[in-house]
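Engineer: Quick one: the structure is below, questions incoming.
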Amino acid sequence: MGNPKGEIYLFNTLTRRKERFVPIEKGKVRMYCCGPTVYWYAHIGNFRTYIFEDVLRRVLEFNGLEVKHVMNITDVGHLTSDADTGEDKMEVGAKRERKTVWEIADFYTGKFFEDAERLNILKPTIVCRATDHISDMISFIKKLEERGYTYIIDDGVYFDTSKLKNYGKLTEMDFEKLNENLKAGARVEFNPNKRNVTDFCLWRFSPRDRKRQMEWESPWGVGFPGWHIECTVMGMKYLGENFDIHCGGIDHIPIHHTNEIAQAEAVTGKPLANYWLHGAFLVFGKSMKMAKSAGEIITVQTLVDEGFDPLAFRYLCLTAHYRSELVFTWESLKSAQNALFTLREHVRNLAENLESEKSRSPKFEEYHEKFLKIINDDLNMPKALALTWTLVREEKTLTNREKYDLLMEFDKVFALDLARYVQMERLPPEAEELIRRREEARKAKDWATADKIREQLKAMGIILEDTPQGVRWRIEKR
RNA sequence: GCCGGGGUGGCCGAACGGCUCAGGCGGCUGCCUGCAGAGCAGCUAUAUGUGGGUUCAACUCCCACCCCCGGCUCCA
């Protein structure tokens with residue numbers, strides 16, 4: 000039983016259809032996700048994609064599948080658009096901060112995983128750096144060379160895309176069409192020595208006049224790897240020549256993933272990955288223009304600085320399907336946060352009123368099945384959230400314990416810390432004392448004193464709530 | 001220019017041929033409360049860019065137009 004829980008359907012970019020997901024090896028999934036270029040902070044648009052991938056992984060695991068999840072760290076090889084300088088992004092970052100490229104890479108790699116953790120994104124099974132795999136890349140390029148797919152011009156070793164029969168299949172365009180389109184729309188100058196517009200660099204030579212911080216010896220000359228080779232090489236190294244899922248942002252379809260496929264299939268003749276999944280962009284309302292002009296990005300830290308729980312952003316992402324654009328505004332983030340906090344409050348209320356008996360009604364199973372069916376239908380998280388709210392509002396047909404258990408089950412996929420308000424730390428003694436004094440004041444109908452103490456506690460970050468069952472407190476969220 | 005994706009109530013967003021066109025947020029009313037908060041109950045909104053067409057039936061399919069966003073070798 001590879002998949003004991005149910006059938007999973009995923010939208011495959013290769014076929015532009017939802018397909019039944021069948022892993023190559025029963026019960027196991029090998030998945031590769033394109034990781035960050037660590038020259039700068041990842042912004043919340045980047046993180047929407049990582050959240051989508053995290054949800055994908057969690058859904059697979061929820062189905063009882065064992066997921067081997069590989070992600071690269073790009074720490075070399077991304078050129079800036081200004082071809083004249085020939086610098087790569089890492090070197091630009093280093094110059095800006097007067098550090099070495101290696102320091103820059105370490106720093107932003109660390110920051111990336113800190114932010115990912117704040118969004119409850121699981122760490123990949125394997126994280127691999129491009130610069131740790133230079134020799135693997137060189138031997139891969141050699142294989143391409145042996146098979147006659149490469150040629151050398153002034154600035155590097157290139158892949159000849161005309162040699163591959165179905166180049167561009169991911170874009171649903173063939174080689175000729177792609178070439179025409181790219182010629183027509185090029186914003187950036189092409190190296191005129193390239194044989195085809197779609198040809199791309201495998202190994203780039205260091206500039207003659209200057210020493211790069213990152214460069215390596217190779218059979219073709221000192222230089223550094225091209226833009227796409229790392230993912231192909233590392234993906235195949237850790238997951239095999241043919242693995243299950245490859246994902247990334249939608250922008251990777253026409254070039255990065257297209258070229259990954261080209262390189263891999265030129266060597267192996269096998270499909271690199273069986274399912275290609277792509278997340279849509281986070282876009283910004285008219286009032287906000289982010290990204291592009293570097294420096295004006297919204298990071299996870301920005302959200303925190305604005306007083307938000309990072310998981311409110313995760314909730315926001317879950318309200319939209321991963322293949323639809325999502326409009327980010329501070330207002331929508333706020334409404335996501337309100338919803339999230341309310342949900343946690345419900346969970347807390349349930350947790351404090353659990354029945355002792357643990358019997359399971361048919362309704363319990365019904366909810367569980369519905370949830371599974373929804374998430375297995377191409378990760379329909381908006382529907383899963385709607386079901387969650389229906390469950391929360393469900394009257395007497397389920398016990399609190401059943402509801403609570405279901406919510407905890409759902410949260411394995413949502414990862415919204417729905418139980419965050421449940422197990423609160425103890426209050427400091429002085430706060431306990433204040434609460435006791437307030438209760439006395441309330442008994443004596445001394446509202447002025449009671450309200451004053453409540454204010455006092457609020458200043459300490461403790462919110463009091465009077466309920467029919469007595470006074471209750473919680474730590475102010477943030 | 002070419003390619004791709006869209007335009008759904010005050011906001012964010014599901015649905016994608018028919019079953020009341022989800023859900024959340026916001027707003028309102030009531031219950032509860034000393035008050036507040038939380039919760040509960042209910043309400044809210046002439047909602048599907050415009051004009052045609054197909055159909056017994058369209059948000060959903062077709063055509064045209066308008067507008068928006070993304071990609072086109074830096075970009076999740």
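Numbering-wise, numbering that gives the first Met the number 0 puts 175 at position 176 of the first sequence, and it's gapless, one number per residue. Where is the CB? At the ideal position from N, CA and C, for every residue including glycine. It should be emphasised that the depicted structure is a prediction, and the values quoted were computed from it without experimental measurement.
(1) The alpha helix (DSSP H) that contains residue 51, what's its start and end?
(2) Helix, strand or coil: how does DSSP classify residue 104 here?
(3) Which residue spans inside the region 283 to 364 form an unbroken beta strand (DSSP E) run of at least 3?
(4) Once you ignore the five residues that flank residue 337 on each side, which residues in its own chain have a CB closer than 8 Å to its CB?
(5) Taking the alpha carbon of residue 453 as the point to measure from, which residue in 466, 469, 430 has its own alpha carbon closest?
(6) What's the call for residue 357, buried or exposed, on a 16-neighbour Cβ count within 10 Å?
(7) How is residue 137 classed by DSSP in three states: helix, strand or coil?
(8) Are the region 45 to 57 and the region 199 to 218 in contact at 8 Å, needing three or more beta carbon pairs?
(9) Assuming residue 412 and residue 117 make a contact with CB atoms under 8 Å, what is their CB distance in whole Å?
(10) Under a Cβ-count criterion, where at least 16 other Cβ atoms within 10 Å of its own Cβ denotes burial, should residue 16 be classed as buried or exposed?
(11) Which ranges would you report for the beta strand (DSSP E) in the region 167 to 228 if only whole runs of at least 3 residues count?
(12) Per DSSP, what are the beta-bridge partners of residue 463 in this structure?
(13) Helix, strand or coil, according to DSSP, for residue 445 in the structure here?
(14) Going by C-alpha distance, which of 433, 257, 5 is nearest residue 20?
(15) Give every residue of the same chain whose Cβ lies closer than 7 Å to the Cβ of residue 382, excluding the five residues on either side of it in the sequence, and list them in chain order.
(16) Which residue or residues does DSSP assign as beta-bridge partners of residue 157?
(17) Using CA atoms only, rank isn't needed, just tell me which of 174, 143, 129 is closest to residue 161.
(18) Considering just the uninterrupted stretch of the beta strand (DSSP E) at residue 74, what are its terminal residues?
(19) Along the chain, where does the alpha helix (DSSP H) containing residue 410 start, and where does it finish?
(20) In its own chain, which residues sit with a C-beta less than 7 Å from the C-beta of residue 332, not counting the 5 before and 5 after it?
(21) Since residue 230 and residue 33 are thought to touch, with beta carbons under 8 Å apart, how far apart are those beta carbons, to the nearest angstrom?
(22) Between residue 281 and the rest of its own chain, which residues show a CB-CB distance below 6 Å, the 5 nearest in sequence each way excluded?
(23) Residues in its own chain within less than 7 Å of residue 370 by CB, not counting five upstream and five downstream?
(24) What is the rounded straight-line gap between the Cα of residue 254 and the Cα of residue 301?
(25) For a test of the three-state rule: what should DSSP assign to residue 239, helix, strand or coil?
(26) Is residue 202 buried or exposed, if buried means 16 or more other CB atoms sit within 10 Å of its CB?
(27) Go ahead and pull the three-state DSSP assignment for residue 84.
(28) Can you find a heavy atom of the ligand ZN that lies under 7 Å from the Cβ of residue 93?
(29) Out of curiosity, what's the CA-to-CA distance linking residue 89 and residue 98?
(30) Where does residue 148 land, buried or exposed, given buried means 16+ other C-beta within 10 angstroms?
(31) Within a Cβ cutoff of 6 Å, which residues of the same chain sit near residue 279, ignoring the five residues on either side of it in sequence?
(32) Using the Cβ count rule (16 or more neighbours within 10 Å means buried), how would you classify residue 304?
(33) Look at the alpha carbon of residue 179 and the alpha carbon of residue 158, and state the distance between them as a whole number of angstroms.
(34) Spatial neighbours of residue 344 within its chain, please: C-beta separation below 7 Å, excluding the five flanking residues on both sides.
Structural biologist: If we stick to the structure as given:
(1) 43 to 61
(2) helix
(3) 325 to 327
(4) none
(5) 430
(6) exposed
(7) helix
(8) no
(9) Going by Cβ atoms, the distance from residue 412 to residue 117 rounds to 18 Å, so no, they are not a contact pair.
(10) exposed
(11) 199 to 204, 222 to 224
(12) 472
(13) coil
(14) 5
(15) 373
(16) 150, 200
(17) 174
(18) Looking at the DSSP string, residue 74 is not in any beta strand (DSSP E), and its letter there is neither H nor E.
(19) 399 to 413
(20) 307, 311, 312, 315
(21) 6 Å
(22) 44, 47, 325, 327
(23) 383, 386, 409
(24) 31 Å
(25) coil
(26) buried
(27) Reliability of the predicted coordinates at residue 84 is poor, the pLDDT of 43 falling under 50, and no value is obtained from them.
(28) This structure lacks the ligand ZN, and indeed carries no ligand of any kind.
(29) 10 Å
(30) buried
(31) 249, 322, 323, 324
(32) exposed
(33) 18 Å
(34) 420
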